[in-house]
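Structure first, commentary second.
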Amino acid sequence: MISSQGGGMAERAAHTSLSLVDQASAKLLYAIYARIGRPHVRIELWNGANVGPSDGVGRILIKTPRALWKLPLNPNLHFGDAYVRREIEIEGDLIAVLTEIYRALPPGADRSPVRKWTYRFINPRRNTLGKARKNIHAHYDLGNDFYRLWLDREMVYTCAYYEHEAATLEEAQLAKMHHVCRKLRLRPGERVVEAGCGWGALALHMARHYGVRVRAFNISHEQISHARERARAEGLADRVEFIEDDYRNIHGTYDAFVSVGMLEHVGREHYEDLG
1 MISSQGGGMA ERAAHTSLSL VDQASAKLLY AIYARIGRPH VRIELWNGAN VGPSDGVGRI
61 LIKTPRALWK LPLNPNLHFG DAYVRREIEI EGDLIAVLTE IYRALPPGAD RSPVRKWTYR
121 FINPRRNTLG KARKNIHAHY DLGNDFYRLW LDREMVYTCA YYEHEAATLE EAQLAKMHHV
181 CRKLRLRPGE RVVEAGCGWG ALALHMARHY GVRVRAFNIS HEQISHARER ARAEGLADRV
241 EFIEDDYRNI HGTYDAFVSV GMLEHVGREH YEDLG
């Protein structure tokens with residue numbers, strides 16, 4: 001079902017009083033609704049055009065053309081952004097509405113080749129080498145003292161692995177590093193390369209407990225400086241090399257590759273490069 005206030009959307013779109021923007025927006029709304037599997041949710045535009053049943057789980061009100069036209073580019077990002085800006089409002093239970101949308105979503109709906117091409121063409125935030133360095137500097141080079149206030153002793157800035165509820169943060173981070181190493185099936189003497197090594201905890205852990213040699217890459221000057229100091233202090237500088245450079249400049253052959261918590265910084269267009 002697709003309609004507007006006082007009549008069908010096709011009739012409304014044909015009406016001369018409806019602007020070209022509104023006509024195009026109504027067509028896009030219908031396309032989006034069909035693409036997401038026609039969930040039992042009412043979706044309404046600022047001009048009254050709507051799709052979905054009136055007795056649905058809830059109602060989504062899209063209040064601006066900007067909010068609507070950004071949705072096909074990256075719905076996971078732009079829906080949340082528009083909701084925060086109050087350009088999208090939800091009537092009813094938010095969780096119930098989102099659950100219904102995900103329930104109805106057809107397999108592969110988020111992998112449209114048109115959306116993928118459009119996103120790459122329009123998206124100005126490509127993760128180039130220069131932008132990556134700038135972004136990392138803004139986030140991680142705030143000063144190590146700041147991060148020491150709330151990280152564990154090893155300065156691990158990725159999710160911990162709690163083997164039991166009573167585990168401390170330090171125990172959970174240590175368990176996580178051992179878990180990663182077991183997955184890699186490390187053997188003494190092997191050469192390992194790490195992309196995005198943070199403050200060096202995992203690289204040092206691998207050398208200390210598993211007898212491997214590690215080349216660890218990172219573009220944060222503060223983190224690399226800290227990691228190098230730790231390697232010297234622990235007598236591991238001959239087995240762990242911390243390199244202040246982008247992972248895309250990694251060359252050579254290694255026995256194992258590891259990267260933990262790095263995808264967030266890579267950018268979708270570079271996933272294959274990381275792999």
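For the sequence shown, the residue numbers in our numbering are 1 to 275. Glycine included, every Cβ here is placed at the ideal spot set by N, Cα and C. Treat the numbers as computed from the prediction; the structure is a model and nothing was measured.
**Item:** Proximity to P107 [Cα-Cα], best of I36, E264 and N144
**Value:** I36
**Message:** Between the alpha carbons of M9 and E264, how many angstroms are there, rounded?
**Reply:** With a pLDDT of 45 at M9, under the threshold of 50, the predicted position of this residue should be treated as unreliable, and no value is reported.
**Prompt:** Expressed to the nearest angstrom, what Euclidean distance is found between the alpha-carbon atoms of N74 and E171?
**Reply:** 38 Å
**Message:** Considering Cα atoms alone, identify which of F242, V193, V97 and H226 is closest to T253.
**Reply:** V193
**Asked** Looking at C-beta atoms only, is the number of pairs between the region 62 to 74 and the region 142 to 160 that lie closer than 8 Å three or more?
**Response** no
**Request:** For A233, collect the residues of the same chain with a Cβ closer than 8 Å to its Cβ; drop the 5 residues on either side in sequence, then sort them by chain order.
**Result:** none
**Message:** On the CB-based measure, 16 or more other CB atoms within 10 Å of its CB, does S296 come out buried or exposed?
**Reply:** Only positions 1 to 275 of the chain appear in this structure, which leaves residue 296 out of reach.
**Under 9 Å between C-beta atoms of G58 and I90** = yes
**Prompt:** Do you know how far the Cα of M262 is from the Cα of C159?
**Reply:** 12 Å
**Item:** Within the region 29 to 106, ranges of the alpha helix (DSSP H) (whole runs, at least 4 residues)
**Value:** 65 to 70, 75 to 84 and 94 to 104
**Message:** Please list the terminal residues of the continuous alpha helix (DSSP H) segment that includes R208.
**Reply:** A201 to Y210
**Request:** Please classify R153: does DSSP put it in a helix, a strand, or coil?
**Result:** coil
**Message:** Is it the case that the region 154 to 168 contacts the region 208 to 216, given that we only count it when at least three CB pairs across the two stretches are under 8 Å?
**Reply:** no
**Asked** Start and end of the beta strand (DSSP E) containing N218?
**Response** R213 to N218
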